[in-house]
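Residue numbers (the working numbering): 1 to 373.
In this text, a Cβ means the ideal position worked out from N, Cα and C, and glycines have one as well.
One structure below.
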Ligand SMILES: [Zn+2]
Ligand SMILES: [Zn+2]
């Protein structure tokens, strides 16, 4: 350690034992993985602080350090226990006491299986009634040959000799922070406390293996892109005695040209020639239920809309009452007119009255003007 111990803890050379302890506790709290999990240097910083505390909290070692510096400590046979700890978790459990040094680490017992995420795509029309889709995914599953116990069927399983069936190996050390019990999973039985005499030939004694699974997933009506369906317990198998993870199926709803989804509603833009917008017309449109017809009323303005009620989509988790399919009219002004056509336009123009020119406001600009009024 190159940095001065007093500097590391931020205390003066005349600091009392209480002040040193207080300073170290403060640093420890700041570097705790639950608070500071994003700092990759936290472990090194904590070890540095722990070593400083280890020395300065011991009257004899502090004296040696004050008189002869770090080299004097080394000559006196000092070696930091803080540096010997395997991980920051061990350090914190030593300092804060107990195996459960804090939420989020120091976990004991078999690990639960991990979650799996898969994606599927469905058509917009599938949103109407929901759909049943097959999904295929790779998963770590309980070995079917040995049913997860890791032994070739019909062969005996013995209690692990190394850990006596406990599944973990314990060691006790006396440190400046108090007596510390370290427990690590047994490396012979991998924490299970039992060892098969003849390991399963399919999974090599692990009790689990990689496999491909196919599952039918019911996609509910009204689902939207990006929503996920959770199938509890269909994820990776956990270690023996621990639950499996979950399967998350993320649904993408395929986009359909000219059918924009707006919650429960669908929106389609319908181009209408200006002449037809003036005179009115009937046009064929496509809906999720097939072909249908909508009226273009005479005098239709740009941006005006009409709707086919109940031809939209249902809402997830509610009744099957559907939204509307809305049609927005995009009035297209004819261009590149011939001389004859221009003559007709001029003739029409000359006949237009004030009432023709100021129709009852509706459509895009009518709405715009109303909101400003
Ligand atoms: Zn097996
Ligand atoms: Zn063992």
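- Counting only runs of 4+ residues, the alpha helix (DSSP H) found wholly inside the stretch 98–177 occupies 126–129, in chain order.
- Boundaries of the alpha helix (DSSP H) harbouring residue 351: 339–351, taken from the DSSP string.
- Excluding its 5 nearest sequence neighbours in each direction, residue 127 has C-beta neighbours in its own chain below 7 Å: 221, 222, 223, 253, 313, listed in chain order.
- Residue 226 and residue 120 have their C-alpha atoms roughly 10 Å apart.
- Only residues of its own chain outside the window of five on either side were considered, and among them 55, 61, 64 have a CB closer than 8 Å to the CB of residue 78, listed in chain order.
- Annotated three-state conformation of residue 196 is strand, per DSSP.
- Residue environment: residue 268 is assigned as buried (16 or more neighbouring CB atoms within 10 Å of its CB, all protein chains considered).
- Rounded to whole angstroms, the separation of the alpha carbons of residue 53 and residue 22 is 10 Å.
- The C-beta separation of residue 271 from residue 332 comes to about 5 Å, placing the pair in contact by the 8 Å criterion.
- The beta carbon of residue 242 is closer than 8 Å to those of 109, 110, 111, 112, 113 in its chain, skipping five residues each way along the sequence.
- Per the coordinates, the alpha-carbon of residue 7 lies some 53 Å from the alpha-carbon of residue 138.
- Taken in chain order, the whole beta strand (DSSP E) runs of length 3 or more contained in the stretch 248–335 are 260–262, 265–273, 281–287, 290–296, 305–308, 325–332.
- Shown here, residue 218 sits in a strand according to DSSP, grouped into three states.
- For residue 211, the three-state secondary structure derived from DSSP is strand.
- Check the Cα spacing between residue 358 and each of 317, 347, 193, 301: the tightest is with 301.
- From the listed residues 231, 73, 262, the smallest Cα separation to residue 214 is found for 231.
- Pairing residue 17 with residue 178, the inter-Cα distance amounts to about 16 Å.
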